[in-house]
Amino acid sequence: MSPSAITDSPPSLQAAEPVDQPVSVNSLAVQDPFPSFHGYDHVTWWVGNAKQAASYYNTLFGMTIIAYRGLETGSRYFASYLVGKGDVRFVFTSPLRSHAHLPADEPITDEDRALLIEMHAHLERHGDAVKDVCFEVDDVEGVYARAVDQGATSIAPPRVLSEKQHGSV
Numbered sequence: 001m002s003p004s005a006i007t008d009s010p011p012s013l014q015a016a017e018p019v020d021q022p023v024s025v026n027s028l029a030v031q032d033p034f035p036s037f038h039g040y041d042h043v044t045w046w047v048g049n050a051k052q053a054a055s056y057y058n059t060l061f062g063m064t065i066i067a068y069r070g071l072e073t074g075s076r077y078f079a080s081y082l083v084g085k086g087d088v089r090f091v092f093t094s095p096l097r098s099h100a101h102l103p104a105d106e107p108i109t110d111e112d113r114a115l116l117i118e119m120h121a122h123l124e125r126h127g128d129a130v131k132d133v134c135f136e137v138d139d140v141e142g143v144y145a146r147a148v149d150q151g152a153t154s155i156a157p158p159r160v161l162s163e164k165q166h167g168s169v
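The numbering of the sequence shown is full-length UniProt numbering, which starts it at 1 and goes up by one.
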């Protein structure tokens, strides 16, 4: 579902209920709001050619390239383009190398190797497709805990990604 199809907040059930009836404890009108959820941040696509996908969205929809990661920035295994227009942002990421043909002495981290394997398998099975929908939150642990408590299936708990030169997220 596109971000524009989602309203800023759920409809209030209080207005729909007759005034003479008490508001249910389970109604949306009296529940605590979802902790620190502000909306969408970006959508990540895994694609066969990130440069071509970014160019396509630039040409057809007027999205501009905001950020890039690839060989020129020191990324030997992945290329990513962040494109956007207004509040809409897409990250297109593609593998630059095949995990199956890496030399035995290749200086690749276990995490990058696992990601290459996962990305190639995903692309072979699905082709170009959305991989992640990312949300803007103030308290990622609180949102994660609430989602799991409400029945969400966790792939992995929140973690900090750090890089000496560029900081942490």
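Ideal Cβ placement from N, Cα and C applies to all residues, glycine included.
Residue i, DSSP secondary structure in three states
i: Ala152; result: coil
i: His166; result: coil
i: Glu106; result: coil
i: Tyr77; result: coil
i: Ser98; result: coil
i: Leu161; result: coil
i: Gly142; result: helix
i: Asp128; result: coil
i: Asp41; result: strand
Residue j beta carbon less than 9 Å from that of residue i
i: residue 171; j: Val137; result: Residue 171 falls outside the range modelled here, since the chain spans only 1 to 169, and no answer is possible.
i: Val160; j: Val148; result: no
i: Arg89; j: Ile65; result: no
i: His42; j: Gly84; result: yes
i: His101; j: Trp46; result: no
i: Gly48; j: Gly127; result: yes
Nonlocal neighbours in the same chain, by C-beta distance under 7 Å from residue i, ignoring five residues either side
i: Ser75; result: Arg69
i: His99; result: Arg113, Leu116, Ile117, His120
i: Ser154; result: Val148
i: Glu141; result: Pro158
Assigned exposure category for residue i - 16 Cβ within 10 Å defines buried
i: Thr93; result: buried
i: Val130; result: exposed
i: Ser80; result: buried
i: Arg82; result: Checking the sequence shown, residue 82 turns out to be Leu, not Arg. Flag for Leu82 reads buried.
i: Pro157; result: exposed
i: Ala54; result: buried
i: Ala50; result: buried
i: Pro95; result: buried
i: Phe61; result: exposed
heavy atom of the ligand GDP below 8 Å from residue i C-beta
i: Leu82; result: Of ligands this structure carries none, so the ligand GDP is not represented either.
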